[in-house]
Each structure stands twice: as structure tokens, then as C-alpha cells.
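Here the structure comes first, spelled out in C-alpha cells, and everything after it is commentary.
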Amino acid sequence: MESGSGTLFGPSSVSWRVHADPVFPVAGVRALILQALHPTAVAGVAQHTGFRDDFWGRLERTGLYVSTLTYGPAGEARKLAARIRGIHRRLSAVDPDTGREFPLDRPDLLLWVHCCEIESFLTTVRRAGNPLSDADADRYVAEQVVSAELIGLPASQVPASVAELDAYFHDVRPRLRLTDTARDGIRTLTIPPMKAWVQLLTPARPAWTVLAGAALATLPRWARKMYRLPGLPTTDLAATAGLKALRVAALALPDRISGPPEARRARALIAAAEGAA
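Taking UniProt numbering, the leading residue of the sequence shown gets 1, the next gets one more, and so forth.
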């Protein structure tokens, strides 16, 4: 898949509309929290990069990867994905339950990471008020199959609609649980390391607290229960209202500070494409 703009998706794609949304950072953190519920996947992360070591660098590299795949030239996106595949191909970890070694590029783990990202990205921006129709949602999931292929998964194994994505999570849930490793990771994710001057002289700590709190509150009800968080319908209503307020506030910010440059350029191109339609 390659758009007329030379990127994998382009201004007319649903992927650009989702990934350029102001609440996308909340969706990214939500995806990480959801991913931690897979015991084998979280063990692989803990045994190689840990959670506190280079926390911000790792987060920045993850954001760069998603940004490059979404907005970068198609050739650059494919090269970056190939480089990441090569790194994962050389790495392995030990399953804490069985004691057996497993490769980090095991297909079921790659699929888990992909599905957590796509479900989180889509669900978060829709709950925040992005006016995506059900058809748009299905198109987004289908568009993102190409992202799964770039990390080494056959398209036939990847959900291509919201219904297929929901079915995947229904099937995988019996294999999920909250481990001590996941608890440690989420503790770091919600209260990450920050230099003293950053905490004292910038709003970084309270801003991150709001972002992480929104990510936790908007998890699926079954995932919140695993994390021993409230799982009541009223919690869902409150989380959605808070997320919508956050999006309204973000949209009111001056454009120059309303997100990373690539997302701002994407929003401008989306608006131009819609205006020309």
C-alpha cells in the first residue's frame, strides 16, 4: 500500500486522521499499559530494556517509529521497519513460567503488540470525540494491516475489521494476567523518572499524570479489573467525559504547540484534502 503522496497512507487515509488527533499521546500510553498484561510480552521487554533504563529515550523511539510509518516517505518507513525486524530477530528472552527461551519476534507476540496499538489508537480518539464512523473504524483497522506486515506478520493473520479485532481480544484474554513484572512496569510508566529541575521548573510531572491517568481510565473494563482498577459503567462515563474535555482543551491550543510538527502538518494536509473534496 502506498498513497499518492509517497507515504504509506496519505491525507485521505483514516490512519492520518487517527494518528494526528490531539489525544493520540494518551492512546500511545494506553497501548503500552494494555500490552503489559501479556506475561510473555512484558517479560521480553523487562529482560532487554527494562522500564526505568532510558525511559524517555525508549518512548521517543517508539513515537518516532509510529510517526515514520504514518507520515514518512514509504521507502524510509520500510527501511526503518526492516531495521527493527532485524534487531528483534537477534534477540530472545526467557519465559518466566516455563523457563524456556523464546524469540522476541515470535508471531503471537508481534500480533499482540500490533492489536493493542490499533485498538488503543482507534478507541481512544473515538471516545475523545473524533467523528469517525463505523465504516471509518473498519477502514482504519484494514489500513493498519500494512503496519503489521512491515513487522513480519502475514496479512492473513491480522485483524482487518473492528469485529475481527474484537474477536482477537476475546480469544486472547484467557492468556492474560497481571504479573509482578507488569506491576513494576506500570508503576514506572505512571510515575516515570524525571530530573529534579524538570519537576521543579516545568509542568511535566502534572501533565504526565493527567496523560497517564486518562490512559488508565480508558482501558477496556476487563483490563481495568485485571489492574485492580474500578470497572463500573460510571467509570467509563467519567473517563470518556474527561477525555473529551482533554481533546477540546488541546484543540484550543495555538497550532505551534498543539503537537509534534509531523502531526500538525498532517492536520493541515487533511484539512486541505477535505476542503478540495
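The C-beta atom is built at its ideal place from N, Cα and C for all residues, glycine as well. Nothing here was measured: the structure is a model prediction, and the numbers come from that model.
Whole-number beta carbon distance between residue j and residue i, since they are thought to touch under 8 Å
i      : j      : result
His48  : Ala93  : 7 Å
Val158 : His114 : 7 Å
Phe102 : Thr181 : At roughly 15 Å, the Cβ-Cβ gap does not stay under 8 Å, so Phe102 and Thr181 are not in contact.
Met226 : Leu176 : 7 Å
Leu110 : Ala223 : That pair is no contact at about 20 Å.
Val23  : Ala249 : Not really, about 10 Å apart at Cβ, beyond 8 Å.
Arg247 : Gly231 : Incorrect: roughly 24 Å between the Cβ atoms, too far for contact.
Leu8   : Ala77  : 5 Å
Leu269 : Pro11  : 4 Å
Ser67  : Pro254 : With 8 Å as the limit, Ser67 and Pro254 do not qualify as a contact, their Cβ atoms being about 21 Å apart.
Lys244 : Ala128 : 6 Å
Contact under 8 Å by Cβ, residue i with residue j
i      : j      : result
Leu69  : Ala81  : yes
Ala27  : Ser161 : no
Ala239 : Thr218 : yes
Leu216 : Cys116 : no
Arg139 : Val14  : yes
Leu122 : Ala137 : yes
Gly242 : Ala214 : yes
Val198 : Ala207 : no
Ile84  : Tyr65  : yes
Asn130 : Arg265 : no
Ser124 : Arg30  : Correcting the residue type first, residue 124 is Thr in the shown sequence and not Ser. Yes, the Cβ-Cβ distance between Thr124 and Arg30 is below 8 Å.
Ala135 : Asp95  : no
Exposure label - residue i; buried when at least 16 CB within 10 Å
i      : result
Ser147 : buried
Thr179 : buried
Trp56  : exposed
Glu60  : exposed
Trp112 : buried
Ala212 : buried
Thr98  : exposed
Glu143 : buried
Gly185 : buried
Thr234 : exposed
Leu229 : exposed
Pro107 : exposed
Pro174 : exposed
Ile257 : exposed
Leu104 : buried
Leu32  : buried
Ile191 : exposed
Pro193 : exposed
Ala263 : buried
Ala163 : exposed
Ala252 : exposed
For residue i, the residue or residues it bridges with in DSSP
i     : result
Thr7  : Pro73
Val94 : Glu101
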